[in-house]
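The next block holds one structure in the form of structure tokens; read it before the comments.
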Amino acid sequence: MSLIAPLTLDTPDTLYSKSYAIIVTETTSQNTEWQRVVEYLLLKHSQASLIVYKDNDFLQLRDQLRQLSNLPKYTCFICQPTECGRNFIATIHRLLRTLDTFTPYLDTMWSIVTGSDASLALESVKTTNTSDELIITKGLNFTYVNQDLFEACFTFGDDRNGHWYSKLFGEERSGDEYPKHPATLWCEMFNDIQPDLLVTSGHGNQYSLELPFSNGVLCPVADTSCLCAINNLKEKKLLHDPISSSPNPKVFLPIGNCLMGFCCGSNCMVTLFMGKLGVKQLCGYTVSTWFGRGGWDVLKKWTAIPGRHTLTESYFFNQIHMINDIKEYNEDLLKFNLNFTCEDYDCCYNPEQIKIYTKCSTLSNDICGLLYDRDIVACYGDPAFVARFKTIKETVETHFECTGENQHRFVITFINDIVDVGPIGSVFTYRIKDYKLLTDNKELKIILSHNFIFVINPKPKDNEKILKIDFQGTIIKKLSQKAIELVKLQNEDRTNELCKGEI
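One point on numbering: in our numbering, the residue at position 393 of the sequence shown is 1478, and numbering is uninterrupted.
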């Protein structure tokens, strides 16, 4: 009888689980100030590999990534604010789907570290405590987000003008008329609540953000890196003292706004919020938004099972979900890329491009939207940063089992009779090859790749609380020494238990 505990795809502290690639252009790598950002992340992530590539030579970059001993779990692009525009975002989305040639999905979880200058970029990735983790408990939003997720929050309603909702000091209140100018109120709440999460919708662009129903504007003050609140862009009447800093770490999701994720220089909304105003991660559109899957569904996946997925994972799995929907509609469309090089962002969406490619005069709104949203939502910040909601109520537990040689099982256990949950994904702690799904996939809609499993419709059979998904796959990389020692300890525990049983 073997006493060796089989390794599972959630075995902790593997080399892959800590793998991290830092990518920088030659120009930025030769800048002394930006080199400090590189050095900090190399120190922070001990397993990190550094890749320096020639400016805009993305084929060289792809080859360098493929030459790593293992594809990284996390990939971080360190960019000066003029290096990570709209076309760059689309190009990187497409490039990172080609590292493993056997899958159409993203091969790594990625994001961009940038800022108005190197010092602010560095500030955006620094952590203020020993745990690189942010538990979301306080929110300041322009649209309704499940209030049960927060201990404190304030919402500016986008359903009707003047509507607001607050949950402060244990008291819930609402009204249909703001007690003061909404832009002034937002600044006060931003300073007083010190929110962990900002969610916004409505009119916006790379330089400004309107409150719902055009009740004021938030925008950067030129050359000061401060946030100001004004009545409108024409009169520019100041409604609150400019906000120059915000001490608490937070996440910003302008997912209902056009262009808020478009980094176009040192004085835009991305560079204002990253570092200067305490934002550690930001997800937003680099173009106009109309379909919404690329943005709103990130939030849906993040909040579906509070506490389970990090924001990075939610962004990653949302990309996987959209790519899979395109694949199911027409696999040939996976090769199609919209042209995002146009300077006029309104011309970036051109359904004629799709019609010409598919030789189809009529296309569904969904497929046009998916092809549009797939490559235009950017994520900023350290991709390994952990931001998740506080667990409200345990609904599911998951783990992996080894059921035989190169045989694996993903087990989902539903708790408290709750079986109506959103998609469930898990990134493996090491990669596999020669993988194949063994469980019937018709109803569950399972996506399996070399580094993750994602279950779109995780519904067990009637009256059952456990869902078992079987698949095969050969582990690619070995464990770190620390993980080997952990397995040895597990084996010793098993030996002791067996000895006790014999006695």
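We treat Cβ as the ideally placed atom computed from N, Cα and C, and that holds for glycine.
Practice prompt. Determine the burial state of Leu-1219: buried for a count of at least 16 other Cβ atoms within 10 Å of its Cβ, exposed for fewer.
Written response: The residue is buried, with at least 16 neighbouring Cβ atoms inside 10 Å.
Fill in: Residue of Ile-1107, Leu-1207, Ala-1463 and Tyr-1370 minimising C-alpha distance to Phe-1162
Considering only alpha carbons, the answer is Ile-1107.
Worksheet item: In three-state DSSP terms, what is Pro-1091?
Response: Note: Pro-1091 maps to coil in three-state DSSP.
Item to complete: Give the DSSP-derived three-state secondary structure of Pro-1267 in the structure shown.
Response: It is helical.
Discussion item. Mapping the DSSP letters down to three states, classify Gln-1438 as helix, strand or coil.
Written reply: Looking at Gln-1438 - three-state DSSP - the assignment turns out to be helix.
Practice prompt. If I'm right that Thr-1483 touches Ile-1509 with Cβ under 8 angstroms, what's the distance once you round it to whole angstroms?
Written response: Rounded to whole angstroms, the Cβ separation of Thr-1483 and Ile-1509 is 7 angstroms, and the two are in contact under 8 angstroms.
Worksheet item: By DSSP, does Cys-1368 sit in helix, in strand, or in coil?
Response: In this structure, Cys-1368 counts as strand in the three-state DSSP scheme.
Worksheet item: Is Pro-1339 helix, strand or coil by DSSP?
Response: Reduced to three states, the DSSP call for Pro-1339 is strand.
Worksheet item: Ala-1526 by DSSP, collapsed to three states: which one?
Response: Strictly speaking, residue 1526 in this sequence is Asn, with Ala absent from that position. In the three-state scheme derived from DSSP, where H, G and I count as helix and E and B as strand, Asn-1526 is classed as coil.
Item to complete: Going by CA-CA distance only, name the one from Arg-1121, Gly-1255 and Asp-1192 that's closest to Phe-1537.
Response: The candidate whose alpha carbon is nearest that of Phe-1537 is Asp-1192.
Worksheet item: Hey, out of His-1178, Phe-1227, His-1266 and Tyr-1138, whose CA is closest to Tyr-1250's CA?
Response: Nearest of His-1178, Phe-1227, His-1266 and Tyr-1138 to Tyr-1250, Cα basis: Phe-1227.
Worksheet item: What do you reckon, are the CB atoms on Gly-1456 and Ile-1411 nearer than 8 angstroms?
Response: According to the sequence as given, residue 1456 is Leu; it is not Gly. Yes, they are a contact pair.
Fill in: Min CB distance Trp-1381 to chain C below 8 angstroms
The chain inventory of the structure shown lacks chain C, comprising one protein chain alone.
Fill in: Residue from Ala-1133, Ile-1197, Ala-1314 and Ala-1472 with nearest C-alpha to Leu-1155
Leu is not the amino acid found at residue 1155; the sequence shown has Asn there. When each option's Cα is compared against that of Asn-1155, the closest is Ala-1133.
Worksheet item: Measuring CB to CB, does Asn-1342 end up less than 8 angstroms from Thr-1397?
Response: In this structure, the beta-carbon distance from Asn-1342 to Thr-1397 does not fall below 8 angstroms.
Practice prompt. Specify whether the stretch 1269-1277 and the stretch 1298-1317 touch according to this definition: at least 3 beta carbon pairs, one from each stretch, less than 8 angstroms apart.
Written response: Short answer: they touch.
Worksheet item: Would you call Ile-1500 buried or exposed, if buried means 16 or more other Cβ atoms sit within 10 Å of its Cβ?
Response: Around the beta-carbon of Ile-1500, fewer than 16 other beta-carbon atoms lie within 10 Å, marking it exposed.
Discussion item. Across the stretch 1346-1356 and the stretch 1382-1391, are there enough close Cβ pairs to call them in contact, namely three or more that are closer than 8 angstroms?
Written reply: Judged by Cβ distances under 8 angstroms, the stretch 1346-1356 makes no contact with the stretch 1382-1391, as fewer than three pairs qualify.
Worksheet item: Fully enclosed by the stretch 1190-1255, which beta strand (DSSP E) runs are 3 residues long or longer?
Response: Taking only runs of at least 3 residues, the beta strand (DSSP E) segments lying wholly in the stretch 1190-1255 are 1194-1198, 1218-1221, 1223-1226, 1237-1241 and 1249-1253.
Worksheet entry | Assumed close pair Gly-1224, Pro-1305 - CB separation to whole angstroms, cut-off 8 angstroms | Wrong, their Cβ atoms sit about 23 angstroms apart, outside the cutoff.
Item to complete: Could you pull the start and end residues of the alpha helix (DSSP H) that Gln-1279 belongs to?
Response: Careful: Gln-1279 lies outside any alpha helix (DSSP H) and carries neither H nor E.
Discussion item. Quick check on the DSSP output: the beta strand (DSSP E) that includes Arg-1494 runs from which residue to which?
Written reply: Element bounds for Arg-1494: 1492-1499.
Worksheet entry | Through-space distance from Gly-1379 to Leu-1234, alpha-carbon basis | Those two C-alpha atoms are separated by around 22 angstroms.
Item to complete: In angstroms with no decimal places, state the Cα-to-Cα distance between Lys-1573 and Tyr-1520.
Response: Because Lys-1573 carries a pLDDT of 47, less than 50, the predicted location of this residue cannot be relied on, and the following value inherits that uncertainty. If you take the alpha carbons of Lys-1573 and Tyr-1520, they lie about 27 angstroms apart.
Worksheet item: Per DSSP, Asp-1555 forms a beta bridge with which residues?
Response: Answer is Arg-1494.
Worksheet item: Measuring CB to CB, does Ile-1461 end up less than 8 angstroms from Val-1372?
Response: Yes; because the gap between Cβ atoms is below 8 angstroms, this pair is in contact.
Practice prompt. Give every residue of the same chain whose Cβ lies closer than 6 angstroms to the Cβ of Tyr-1190, excluding the five residues on either side of it in the sequence, and list them in chain order.
Written response: Here Tyr-1190 has Ile-1405, Ile-1408 and Ser-1534 as same chain residues with Cβ atoms under 6 angstroms from its own Cβ, once five neighbours each way along the sequence are excluded.
Worksheet entry | Backbone secondary structure at Phe-1402 - three-state DSSP | Of the three classes helix, strand and coil, the one that applies to Phe-1402 here is helix, per DSSP.
Practice prompt. Note down the Cα distance separating Leu-1564 from Tyr-1105, rounded to an integer number of angstroms.
Written response: For Leu-1564, the pLDDT reaches just 45, beneath the cut-off of 50, and the residue's location in the model is therefore unreliable, leaving the point undetermined.
Worksheet item: Straight-line CA distance for Arg-1147 to Ile-1136?
Response: Cα atoms of Arg-1147 and Ile-1136: separation of roughly 10 angstroms, rounded to the nearest angstrom.
Fill in: Outcome for Ser-1449 when other beta-carbon atoms lying within 10 angstroms are tallied against a minimum of 16
Of the residues assessed, Ser-1449 falls on the exposed side of the cut-off, its CB having fewer than 16 other CB atoms within 10 angstroms.
Worksheet item: What are the start and end residues of each continuous beta strand (DSSP E) run of 3 or more residues lying completely inside the stretch 1129-1178, in chain order?
Response: With a minimum length of 3 residues, the continuous beta strand (DSSP E) runs that stay inside the stretch 1129-1178 are 1133-1138 and 1159-1163.
Item to complete: Count the other C-beta atoms from every protein chain shown that fall within 10 angstroms of the C-beta of Asp-1185, then say buried if there are 16 or more, exposed otherwise.
Response: It is buried - the Cβ of Asp-1185 has at least 16 other Cβ atoms within 10 Å.
Discussion item. Mapping the DSSP letters down to three states, classify Ile-1408 as helix, strand or coil.
Written reply: Looking at Ile-1408 - three-state DSSP - the assignment turns out to be helix.
Discussion item. Taking a contact to mean a Cβ-Cβ separation below 8 angstroms, would you say Thr-1110 touches Tyr-1138 in this structure?
Written reply: Yes.
Worksheet entry | Residue range of the beta strand (DSSP E) that includes Ser-1511 | Residues 1509-1512.
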